[in-house]
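**Q** Below is the structure I would like to discuss, written out as structure tokens.
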């Protein structure tokens with residue numbers, strides 16, 4: 001079994017390829033939940049949902065998130081009522097949030113609800129939220145008046161369209177934000193651990209912000225393979241490049257490798273960036289390279305197969 | 001100003017007539033909230049919503065509740081996910097619940113949120129929830145095995161389509177289920193108090209279950225006018241007749257009058273039931289009669305005008 005540390009869109013594509021390359025039964029996705037938000041009384045888990053929708057073939061392929069054939073009756077009406085609609089929840093998408101919120105209200109854990117939803121969406125892959133607790137990413141931005149202000153991930157990412165300069169990122173956990181037994185067992189027993197091509201700071205770091213997970217992953221460093229989400233200095237999607245830059249890393253695969261140096265023994269570099277291989281090797285990582293840009297089923301399956309082969313050879 | 005104690009459909013029709021007869025500015029509706037329910041994380045206030053939708057002219061006129069032109073994208077999808085859908089929430093209706101739940105989550109009171117929604121729906125009438133707290137109606141029914149079981153109002157009314165025999169009705173209040181200052185002021189300062197033609201046991205009694213409200217209303221008995229929801233032994237809508245019967249009152253306007261004897265000095269009997277006038281008078285009530293069946297705008301406006309005239313003459 002291979003454990004994959006996951007954010008949203010990039011990880012969902014990677015898992016989709018992995019499922020096709022070596023089968024869902026072999027995969028446990030450990031998913032970031034520090035972007036989760038309670039809105040209008042509903043518990044929303046954006047990264048889990050992006051993975052559910054992608055792997056079930058129901059994702060909106062234009063955006064990479066949300067559902068195909070979505071409609072907006074509820075949001076349009078909420079807008080007319082003067083409610084908060086900067087986070088647009090589609091009608092079909094809302095059903096997922098109603099299901100999750102109802103089950104959590106009945107006392108089910110997020111781990112249990114995620115397993116139920118994965119089954120409902122017909123997935124043959126295990127998805128585990130990194131925690132059942134209230135771990136939350138806080139993004140510090142500088143506002144118009146020059147003051148630093150801490151906002152939630154979704155406010156930064158969706159409401160402000162990830163435009164503000166990020167001064168710092170922190171991960172606030174309650175006492176309940178411990179890892180689950182399921183996650184610790186998966187990381188402990190996995191043949192290898194893959195860090196999916198997700199935003200290192202905003203998707204993967206919140207998983208590693210849980211002390212016990214960070215410790216276990218770094219202990220297994222030799223079996224950890226990180227896939228770059230940055231190619232030719234740019235994020236495939238989202239603000240990973242700018243965020244890495246503003247936190248003093250570098251908006252390049254080398255910046256990503258530095259970020260993961262304590263955790264990953266192997267780094268998957270894009271073939272367009274081979275000139276960085278030496279600098280990354282100098283961090284004590286084995287560097288391998290391939291086409292990491294997942295444009296379609298063929299390329300995402302090929303990337304997953306490449307990573308799988310590297311694990312087999314190790 | 002006239003205060004009206006309100007349930008759902010019947011009260012909404014009466015308020016609609018009253019608004020047309022003597023103007024919304026003159027009316028404060030004090031609305032039952034003991035049927036409220038939190039479902040899927042959303043706070044649903046069925047009686048308040050029925051009034052909002054009716055008075056804004058947006059109600060589904062076939063059912064008397066819900067919105068005209070409603071669609072069911074979210075529920076159909078939730079059903080496909082295996083979620084609980086016995087309480088069908090339409091897409092447009094959901095926007096109301098999202099608005100309410102978001103504002104309550106931000107710390108607003110139900111009184112504040114109801115005022116906001118009334119404004120959004122363009123109403124010129126004050127609507128006050130009877131309480132901001134968690135007062136709940138519990139209906140005791142006998143289940144298939146012969147055991148008595150306590151269920152929520154919505155489970156009885158919607159899920160079981162008010163078919164089970166009702167053994168008892170009780171009103172469970174938390175310490176927060178005190179009346180609001182606004183409600184006490186309205187009852188204290190109203191020129192008259194009207195008990196709308198709603199279910200006495202399931203809509204009005206939960207308002208009077210709040211001790212301070214019951215005490216104030218009974219002190220003002222001379223100024224209280226109750227309108228019968230039962231005509232020729234039958235409820236206009238819903239199970240009021242059966243419930244009155246099974247609790248040992250009688251499924252007639254006389255049963256209603258007995259139920260309200262401590263609270264109302266005047267009883268509005270339907271003209272079809274004039275033979276009951278003597279027995280109701282014997283309870284110490286002034287009895288007046290008219291056509292109480294609100295079939296259309298004309299009849300509901302006439303009923304409200306009749307009640308208004310009775311108040312003026314008193």
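Residue numbers (the working numbering), protein chains in the order written: chain X, 1 to 314; chain B, 1 to 314. All C-beta atoms in this analysis are idealised placements derived from N, C-alpha and C, irrespective of residue type, glycine included. Please read all numbers here as calculations on a predicted model, not as lab measurements.
Using a cut-off of 8 angstroms between C-beta atoms, extract the partners of residue 83 of chain X located in chain B.
**A** 95, 98, 99 and 102, listed in chain order.
**Q** To be precise: take each residue of the stretch 46-74 of chain B, compare its Cβ to all Cβ atoms of chain X, and keep it if any distance is under 8 angstroms. Which residues remain?
**A** Going along the stretch 46-74 of chain B in chain order, one finds 71, 73 and 74 with a Cβ nearer than 8 angstroms to chain X.
**Q** If you run the structure through DSSP and keep just helix, strand and coil, what is residue 190 of chain B?
**A** Of the three classes helix, strand and coil, the one that applies to residue 190 of chain B here is coil, per DSSP.
**Q** For residue 165 of chain X and chain B, any beta-carbon pair shorter than 8 angstroms?
**A** Output row for residue 165 of chain X: interface = no.
**Q** Assuming residue 196 of chain B and residue 2 of chain B make a contact with CB atoms under 8 angstroms, what is their CB distance in whole Å?
**A** The pair is not a contact, with the Cβ atoms about 11 angstroms apart (cut-off 8 angstroms).
**Q** For residue 251 of chain B, count neighbouring C-beta atoms within 10 Å of its own C-beta (all shown protein chains included) and say buried if the count is 16 or more, exposed if not.
**A** Residue 251 of chain B comes out buried.
**Q** Assuming residue 123 of chain B and residue 61 of chain B form a contact by the criterion Cβ under 8 angstroms, report the distance between their Cβ atoms to the nearest whole angstrom.
**A** Contact doesn't hold; Cβ gap of about 18 angstroms is too wide.
**Q** Leaving aside the five residues before and after residue 63 of chain X along the sequence, list all residues of the same chain whose C-beta is less than 8 angstroms from its C-beta, in chain order.
**A** So the list is empty, once near-sequence residues are dropped.
**Q** Around the Cβ of residue 219 of chain X, are there at least 16 other Cβ atoms within 10 angstroms (buried) or fewer (exposed)?
**A** By the 10 Å Cβ count, residue 219 of chain X comes out exposed.
**Q** Chain B beta carbons: is any one of them nearer than 8 angstroms to that of residue 92 of chain X?
**A** Residue 92 of chain X counts as touching chain B.
**Q** I'd like to confirm the pairing. Which residues does DSSP put opposite residue 145 of chain B in its beta bridges?
**A** Partner(s): none; residue 145 of chain B has no beta bridge.
**Q** According to DSSP, is residue 39 of chain X part of a helix, a strand, or is it coil?
**A** It is a strand residue.
**Q** Residue 316 of chain X and residue 130 of chain X look like a contact to me (Cβ under 8 angstroms); what is the Cβ gap, rounded to whole Å?
**A** For chain X, the structure presents residues 1 to 314; residue 316 of chain X sits outside this window and is missing.
**Q** Is residue 247 of chain X a contact residue of the ligand GDP, with contact defined as CB to any heavy atom under 7 angstroms?
**A** The ligand GDP is not part of this structure, which contains no ligands at all.
**Q** DSSP three-state label for residue 236 of chain X, please.
**A** It is coil, neither helix nor strand.
**Q** Are any of the Cβ atoms in chain X nearer than 8 angstroms to that of residue 159 of chain B?
**A** No - not a single Cβ of chain X is within 8 angstroms of the one on residue 159 of chain B.
**Q** Return the chain-ordered list of same chain residues with a C-beta closer than 7 angstroms to the C-beta of residue 186 of chain B, the five sequence neighbours on each side being excluded.
**A** Contacts found: 3, 28, 30 and 128.
**Q** Under 8 angstroms between the Cβ atoms of residue 244 of chain X and residue 233 of chain X?
**A** In this structure, residue 233 of chain X does not lie closer than 8 angstroms to residue 244 of chain X by Cβ.
**Q** Start and end of the beta strand (DSSP E) containing residue 14 of chain B?
**A** Here residue 14 of chain B belongs to no beta strand (DSSP E); instead the alpha helix (DSSP H) covers 9-22.
**Q** Since residue 78 of chain B meets chain X, which of its residues come closer than 7 angstroms, beta carbon to beta carbon?
**A** Under the 7 angstroms cutoff, chain X gives 95, 98 and 99.
**Q** Roughly how many angstroms lie between the CA atoms of residue 162 of chain B and residue 198 of chain B, to the nearest whole one?
**A** About 15 angstroms.
**Q** Got a sec? Which residues, its chain only, sit under 7 angstroms from residue 222 of chain B by beta carbon, not counting five neighbours each side?
**A** These residues qualify, in order along the chain: 265.
**Q** Could you tell me the boundaries of the alpha helix (DSSP H) in which residue 98 of chain X lies?
**A** Here the alpha helix (DSSP H) through residue 98 of chain X covers 91-105.
**Q** Relative to the C-alpha of residue 283 of chain X, which candidate in X:267, X:140, X:301 and X:65 has its C-alpha closest?
**A** Nearest of X:267, X:140, X:301 and X:65 to residue 283 of chain X, Cα basis: X:267.
**Q** Could you tell me the alpha carbon to alpha carbon distance between residue 36 of chain B and residue 108 of chain B, rounded to whole angstroms?
**A** Their Cα atoms are separated by approximately 17 angstroms.
**Q** Alpha helix (DSSP H) containing residue 301 of chain X: first to last residue?
**A** Here the alpha helix (DSSP H) through residue 301 of chain X covers 297-313.
**Q** Across which residues does DSSP place residue 267 of chain B in a beta bridge pair?
**A** Bridge partners of residue 267 of chain B: B:226 and B:287.
**Q** Looking only at its chain, what residues have a beta carbon closer than 6 angstroms to the beta carbon of residue 22 of chain B, apart from the 5 residues adjacent to it on each side?
**A** Excluding residues within five positions, the ones whose Cβ falls inside 6 angstroms are 308.
**Q** Tell me which residues of the stretch 115-137 of chain X have at least one Cβ-Cβ distance to chain B shorter than 7 angstroms, keeping chain order.
**A** Of all residues in the stretch 115-137 of chain X, 120 have a Cβ within less than 7 angstroms of some Cβ in chain B.
**Q** Across which residues does DSSP place residue 46 of chain B in a beta bridge pair?
**A** BP columns for residue 46 of chain B are empty, so no partner.
**Q** Contact defined as beta carbons within less than 8 angstroms: I believe residue 287 of chain X pairs with residue 277 of chain X. What is the distance between those atoms, to the nearest angstrom?
**A** The Cβ separation is near 5 angstroms, so the contact holds.
**Q** Could you round the C-beta distance between residue 227 of chain X and residue 194 of chain X to whole angstroms and report it? I think they count as a contact, below 8 angstroms.
**A** Yes, residue 227 of chain X and residue 194 of chain X are in contact; Cβ-Cβ is about 7 angstroms, under 8 angstroms.
**Q** For residue 136 of chain B, I'd like the list of residues in its chain whose CB is within less than 6 angstroms of its CB, leaving aside the five on either flank, ordered along the chain.
**A** Hits under 6 angstroms: 34 and 172.
**Q** Taking one C-beta from the stretch 91-103 of chain X and one from the stretch 68-76 of chain X each time, how about it: are there three or more such pairs within less than 8 angstroms?
**A** Judged by Cβ distances under 8 angstroms, the stretch 91-103 of chain X makes contact with the stretch 68-76 of chain X, as three or more pairs qualify.
**Q** So residue 131 of chain X is in the beta strand (DSSP E); what residue range does that whole segment cover?
**A** Counting along the chain, residue 131 of chain X falls outside any beta strand (DSSP E), and DSSP gives it neither H nor E.
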